[in-house]
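All remarks here apply to the structure that follows.
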Amino acid sequence: MDLKLRYHGRLIELFGKPEEIISVRSETADSLRKELEAMDVRFRESVFLLAQHHKIITRDDTLTAGDVDVFPPFSGG
Amino acid sequence: MIYQRYARHIALSEVGVKGQEKLAAAKVLVVGAGGLGCSALQYLVSAGVGTVGIIDFDTVSLSNLQRQILYTEDDIGKNKALTAKERLHALNNSITIIAQPVSLGLDNCLEILSEYDIVVDGTDNFTTRYLISDACSKLKKPMVYASLYKFEGQVSVFNYKDGPSYRCLFPEPPMSGEVPNCSEIGILGVLPGQIGVLQATEVLKIILEIGDVLSGHLLYVNVLTNESRTLHISRNDEVIQYVRSKGLELVDIQDCDLYHTVSLSEIQPFQQVCWIDIREEDEGPQVELPNLQRIPFSAILSKNNLGLHKIHSIQEMYKKIIFCKSGGRAKKVVKLLNTTQITNCFALKEGADALLTWIKENHEE
Numbered sequence: 001m002d003l004k005l006r007y008h009g010r011l012i013e014l015f016g017k018p019e020e021i022i023s024v025r026s027e028t029a030d031s032l033r034k035e036l037e038a039m040d041v042r043f044r045e046s047v048f049l050l051a052q053h054h055k056i057i058t059r060d061d062t063l064t065a066g067d068v069d070v071f072p073p074f075s076g077g
Numbered sequence: 078m079i080y081q082r083y084a085r086h087i088a089l090s091e092v093g094v095k096g097q098e099k100l101a102a103a104k105v106l107v108v109g110a111g112g113l114g115c116s117a118l119q120y121l122v123s124a125g126v127g128t129v130g131i132i133d134f135d136t137v138s139l140s141n142l143q144r145q146i147l148y149t150e151d152d153i154g155k156n157k158a159l160t161a162k163e164r165l166h167a168l169n170n171s172i173t174i175i176a177q178p179v180s181l182g183l184d185n186c187l188e189i190l191s192e193y194d195i196v197v198d199g200t201d202n203f204t205t206r207y208l209i210s211d212a213c214s215k216l217k218k219p220m221v222y223a224s225l226y227k228f229e230g231q232v233s234v235f236n237y238k239d240g241p242s243y244r245c246l247f248p249e250p251p252m253s254g255e256v257p258n259c260s261e262i263g264i265l266g267v268l269p270g271q272i273g274v275l276q277a278t279e280v281l282k283i284i285l286e287i288g289d290v291l292s293g294h295l296l297y298v299n300v301l302t303n304e305s306r307t308l309h310i311s312r313n314d315e316v317i318q319y320v321r322s323k324g325l326e327l328v329d330i331q332d333c334d335l336y337h338t339v340s341l342s343e344i345q346p347f348q349q350v351c352w353i354d355i356r357e358e359d360e361g362p363q364v365e366l367p368n369l370q371r372i373p374f375s376a377i378l379s380k381n382n383l384g385l386h387k388i389h390s391i392q393e394m395y396k397k398i399i400f401c402k403s404g405g406r407a408k409k410v411v412k413l414l415n416t417t418q419i420t421n422c423f424a425l426k427e428g429a430d431a432l433l434t435w436i437k438e439n440h441e442e
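These protein sequences, in sequence, are chains A and B.
Residues 1 to 77 in our numbering are what the first sequence spells out, letter by letter.
Residues 78 to 442 in our numbering are what the second sequence spells out, letter by letter.
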């Protein structure tokens, strides 16, 4: 399925763009995480959250085609 | 109870006299009197929260004034917690304000936090954030979290009525190389103002037991795009149980706490380095390196600024690497230099002994 990854925080600079459309085989949050990490070393070296439909998605949460937000932790205060 | 002062609160059916009394009885600790803290503190104090604690070891610097609105130019060099207390008492002298000009660490964290009902996270580094989170998780105390990046902010309430904790969101901290030093990140001055007010709002809702507390949800705000969304967070029992079962630990990560630091393994042969040995004259072992200056720690702290002048006279092009016996004093000096015009300064993480070994391996045939 096609996903539009929407980057936030420092990930925008890390990937050099605010969003990108990718085609994935994954159907759950965990498998998407693994697929992204296998796809690009920048995912392997980053801590990030995945969110879809107003929910932080983890483990076996089901993915649907469309927007996925990718959030890193922020440190500033 | 000063009815006139809180008349606009008391006029609200959701607050009333009873709500105002709840506020007066509440004890709230704000960890970090920086951008978020300055903002949240003013509204907590104005609202009549009975006991407000402020903890911050840091001093006010010129670059803080763009967003840390409790301070003035006259406060530069003064401790933030003590200065904030003075300013806030002028705002509301009828409440108790406790300023602690110390660093929150393993030795004092549980003891300090246990004195309060709610903890507001106004820190600017992951080390303290994970420490507060784990301590609040153990103490089952609500932690009103926020953090910032340039134009974006995140807000949530953790450990509220057994809700999710910060580790449910981010079980492990990012790796050292992943975290930009806070002094390198720009931030729009109004952002901590807005986000700190959201934190104060959550504190008031918790105390007053009104509205929907932002527990189990992460509020994300981008002030540049006017985007804001609330994301549901699931509780991770496994992570919470693990944190509660083990002792408190500091996460090992290089971020704001450590200022500009550099490890020997990160030094490249092509870099133009000026080494600064800040050990006192009677300290060994002797270190010999090209372009090395000996400027003792005592001279750097001296009132005549002789040591600082010497460092200032080093050409800007050089990366100034400051070292001592174990790295502790070097970090203090770099922190001090951060408040001056002197730039390109780094504290060597390792001490003189490790440096000698490194010299033998890299500079000798």
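All C-beta atoms in this analysis are idealised placements derived from N, C-alpha and C, irrespective of residue type, glycine included.
All of these numbers come straight from a predicted model, not from anything done at the bench.
In whole angstroms, give me the CA-to-CA distance for Cys333/B and Ile209/B.
Counting from one through the second sequence, the residue named residue 333/B turns up at place 256. Counting from one through the second sequence, the residue named residue 209/B turns up at place 132. Caution applies to Cys333/B, whose pLDDT of 47 falls short of 50 and renders its modelled position unreliable; the value that the coordinates give is listed next. Taking the straight line joining both Cα atoms gives about 16 Å.
Report yes if the C-beta distance between Asp198/B and Gly112/B is below 9 Å; otherwise report no.
If you number the second sequence from 1, residue 198/B lands on position 121. If you number the second sequence from 1, residue 112/B lands on position 35. No, the pair does not count as a contact, with Cβ atoms beyond the cut-off.
9 Å is my cut-off, CB to CB: does Ala51/A come that close to chain B?
Taking the first residue of the first sequence as 1, we reach residue 51/A at position 51. For Ala51/A, the answer is yes, since a Cβ of chain B falls inside 9 Å of its Cβ.
Are Glu98/B and Ile287/B close, meaning C-beta to C-beta below 9 Å?
Residue numbering aside, residue 98/B sits at position 21 when the second sequence is read from its first letter. Residue numbering aside, residue 287/B sits at position 210 when the second sequence is read from its first letter. Going by C-beta atoms, Glu98/B is not nearer than 9 Å to Ile287/B.
Quick one: grab the DSSP three-state call for Gly404/B.
Taking the second sequence and counting its residues from 1, one reaches residue 404/B at position 327. The answer is coil: DSSP assigns Gly404/B none of H, G, I, E or B.
Members of the segment 200-217 of chain B that neighbour chain A once the beta carbon cut-off is set at 8 Å:
Thr200, Asp201, Asn202, Phe203 and Arg206
Counterpart residues of Thr28/A in DSSP-defined beta bridges
For this step, residue 28/A is matched to residue 28 along the first sequence. Note: Thr28/A sits in a beta bridge opposite Thr62/A.
Interface partners of Val41/A on chain B, CB under 8 Å:
For the purposes of this step, residue 41/A is taken as the residue at position 41 of the first sequence. Per Cβ cutoff of 8 Å: no residues; Val41/A is ~12 Å from chain B at best.
Under a three-way DSSP split, which group does Asp354/B fall into?
Translated into the one-based positions of the second sequence, residue 354/B becomes position 277. Asp354/B falls in the strand class under three-state DSSP.
Roughly how many whole angstroms lie between the Cα atoms of Lys95/B and His54/A?
As a first step, residue 95/B must be located in the second sequence, where it is residue number 18. As a first step, residue 54/A must be located in the first sequence, where it is residue number 54. About 36 Å.
Residues near Glu19/A by beta carbon distance below 8 Å, same chain, minus five either side:
On the first sequence, position 19 is the one that residue 19/A refers to. Answer for Glu19/A: Lys4, Leu5, Arg6 and Tyr7, listed in chain order.
N- and C-terminal bounds of the alpha helix (DSSP H) containing Ile317/B:
Counting from 1 along the second sequence, the entry for residue 317/B is found at position 240. Asp314 to Ser322 is the extent of the alpha helix (DSSP H) around Ile317/B.
Can you say whether His337/B is buried or exposed, counting buried as having 16 or more other CB atoms within 10 angstroms of its CB?
For the purposes of this step, residue 337/B is taken as the residue at position 260 of the second sequence. Flag for His337/B reads buried.
If Ala117/B sits next to Ala376/B, beta carbons under 8 Å apart, how far is it from one beta carbon to the other, in whole angstroms?
Taking the second sequence and counting its residues from 1, one reaches residue 117/B at position 40. Taking the second sequence and counting its residues from 1, one reaches residue 376/B at position 299. In fact, because the Cβ distance is near 40 Å, the residues do not count as touching under 8 Å.
Using the rule of at least 16 other Cβ atoms within 10 Å of the residue's Cβ for burial, across every protein chain shown, is Lys238/B buried or exposed?
Sequence index remark: in the second sequence, residue 238/B carries index 161 (1-based). Per the 10 Å Cβ criterion, exposed.
Give me the residue from Lys402/B, Lys396/B, Val328/B and Ile398/B with the minimum Cα distance to Leu358/B.
Here residue 358/B refers to the residue found at position 281 when the second sequence is read from its first residue. According to the sequence shown, residue 358/B is Glu rather than Leu. When each option's Cα is compared against that of Glu358/B, the closest is Lys402/B.
DSSP state of Gln81/B, grouped into three classes?
Position 4 of the second sequence, counted from the start, is the residue given in the question as residue 81/B. It is coil, neither helix nor strand.
Minimum Cβ-Cβ distance from Asp69/A to chain B less than 9 Å
Position 69 of the first sequence, counting from 1, holds the residue named residue 69/A. Cβ-Cβ to chain B under 9 Å: yes for Asp69/A.
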